[in-house]
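Here the structure is laid out as structure tokens; the discussion comes afterwards.
2 protein chains.
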Amino acid sequence: MKFFWMIAAATLAALLTLGAVAATPKKTRSEKPRSELRHVVAFKFKDSVKPEEIKRVEDAFASLKDKIPQVQRYEWGMNNSPEGLNQGCTHGFILTFNSEKDRNAYLEHPDHKAFGALVKPLIDVAFVMDFWIRH
Amino acid sequence: MKFFWMIAAATLAALLTLGAVAATPKKTRSEKPRSELRHVVAFKFKDSVKPEEIKRVEDAFASLKDKIPQVQRYEWGMNNSPEGLNQGCTHGFILTFNSEKDRNAYLEHPDHKAFGALVKPLIDVAFVMDFWIRH
Numbered sequence: 012m013k014f015f016w017m018i019a020a021a022t023l024a025a026l027l028t029l030g031a032v033a034a035t036p037k038k039t040r041s042e043k044p045r046s047e048l049r050h051v052v053a054f055k056f057k058d059s060v061k062p063e064e065i066k067r068v069e070d071a072f073a074s075l076k077d078k079i080p081q082v083q084r085y086e087w088g089m090n091n092s093p094e095g096l097n098q099g100c101t102h103g104f105i106l107t108f109n110s111e112k113d114r115n116a117y118l119e120h121p122d123h124k125a126f127g128a129l130v131k132p133l134i135d136v137a138f139v140m141d142f143w144i145r146h
Numbered sequence: 012m013k014f015f016w017m018i019a020a021a022t023l024a025a026l027l028t029l030g031a032v033a034a035t036p037k038k039t040r041s042e043k044p045r046s047e048l049r050h051v052v053a054f055k056f057k058d059s060v061k062p063e064e065i066k067r068v069e070d071a072f073a074s075l076k077d078k079i080p081q082v083q084r085y086e087w088g089m090n091n092s093p094e095g096l097n098q099g100c101t102h103g104f105i106l107t108f109n110s111e112k113d114r115n116a117y118l119e120h121p122d123h124k125a126f127g128a129l130v131k132p133l134i135d136v137a138f139v140m141d142f143w144i145r146h
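Right, here's the structure in full:
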């Protein structure tokens with residue numbers, strides 16, 4: 012019976028270890044920084060702007076997350092607020108950075124500058140706010 | 012030895028179950044929907060508004076996430092954008108909802124209405140945009 016208890020104890024130890032490993036969050040999640048800097052952008056396009064020009068802006072903005080490694084997350088969408096406080100803005104974007112240094116590197120990046128040059132003549136309003144998130 | 016293997020098999024089964032339970036994401040995480048509706052808000056306070064009035068607004072807004080169960084996530088922060096496109100807004104907020112129905116329930120909730128009545132006389136600009144996030 013001594014042999015039995017040795018086997019049982021070894022099995023128990025091995026399976027508890029397996030359980031602990033399985034329950035440990037994946038590396039990518041545990042390494043996610045606690046602080047996130049949100050970069051909120053909204054655009055109102057000029058009335059004269061054509062749908063294909065708007066599409067070009069959407070694609071160009073989305074491409075920045077692949078061109079500029081400091082962009083940690085990129086979200087966007089079309090306004091559907093019923094409150095009427097969007098100042099005519101139809102397009103909203105939320106980019107996330109890990110530091111103000113990264114945000115500044117994004118702002119100064121040649122591809123972001125080129126994007127700004129593309130967008131500027133097409134819009135009436137560009138609203139931008141950045142903040143470190145609190146809860 | 013037959014008894015030994017029965018005990019060993021039972022131990023194995025019990026511990027595999029324990030491991031599986033430990034590895035299962037918590038209910039709140041697994042139930043998180045893939046789609047999220049962002050509700051972005053920005054305030055510019057009037058120059059005459061006192062710091063304690065601003066603090067009252069900050070506290071009142073934060074309390075809505077506890078009072079209104081439809082609010083899935085609440086983030087806020089102080090603008091630090093160097094771009095000067097924030098229209099004087101100092102405070103940014105991002106609330107997350109799971110549906111337009113939930114967002115509308117929040118807008119119509121008596122506690123949100125009371126918050127609106129508190130804020131309105133204190134601000135020059137309230138900017139609001141809502142959108143379903145795309146990536």
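Protein chains in written order, with the working numbering: chain A, 12 to 146; chain B, 12 to 146. All residues carry an ideal CB built from backbone N, CA and C; glycine is no exception.
A straight-line Cα-Cα distance of about 26 Å links PHE126/B and SER92/B. Proximity to MET89/B across ILE79/B, LYS66/B and LYS131/B peaks at LYS66/B, based on C-alpha coordinates. If you draw a straight line from the Cα of LEU118/B to the Cα of LYS124/B, it comes to about 7 Å.
For GLU119/B, the enclosing alpha helix (DSSP H) covers residues 111 to 119. Secondary structure at ASP141/B: strand, using DSSP grouped into helix, strand and coil. Inside the stretch 35 to 102 of chain B, DSSP marks whole beta strand (DSSP E) runs of 3 or more residues at positions 48 to 56 and 84 to 89, from first to last along the chain.
In the pairwise beta carbon analysis, the stretch 97 to 117 of chain A is classified as touching the stretch 131 to 140 of chain B: at least three pairs are separated by under 8 Å. Here the alpha carbon of PRO62/B sits roughly 30 Å from the alpha carbon of GLN81/B.
Exclusion of the five residues before and after SER46/A leaves TRP143 as the residues of its chain whose Cβ lies within less than 7 Å of its Cβ.
The beta carbon of HIS146/A sits closer than 8 Å to some beta carbon of chain B. VAL136/B places its beta carbon 8 Å or farther from that of VAL68/B. Within a 10 Å sphere around the beta-carbon of ALA128/B sit fewer than 16 other beta-carbons, which makes this residue exposed.
The residue from ALA71/A, ILE79/A, VAL51/A and ASN97/A with its alpha-carbon nearest to that of ALA116/A is ILE79/A.
Your pair HIS50/A and PHE108/A checks out as a contact, with CB atoms roughly 6 Å apart and the cut at 8 Å.
For PHE108/B, DSSP records a beta bridge to LEU48/B.
Residues VAL136 of the same chain have their beta carbon placed closer than 6 Å to that of GLN98/A, with the five preceding and five following residues left out of the count. When the Cα atoms are used, GLU86/B and GLU64/A turn out to be separated by approximately 33 Å. By the criterion of a C-beta distance shorter than 8 Å, ARG114/B is surrounded in its chain by LEU48, HIS50, GLN81, PHE108 and ASP141, once the five residues flanking it on both sides are discounted.
One alpha carbon belongs to LEU75/B, the other to ARG84/A, and they sit about 27 Å apart.
Residue pairing for VAL130/A: DSSP places it in no beta bridge. Of all residues in the stretch 94 to 106 of chain B, only GLU94, LEU96, ASN97, GLN98, CYS100, GLY103 and ILE105 come within less than 7 Å of chain A when Cβ atoms are compared, listed by chain position. Of the candidates ALA53/A, VAL60/A and GLU94/A, ALA53/A places its Cα closest to the Cα of PHE72/A.
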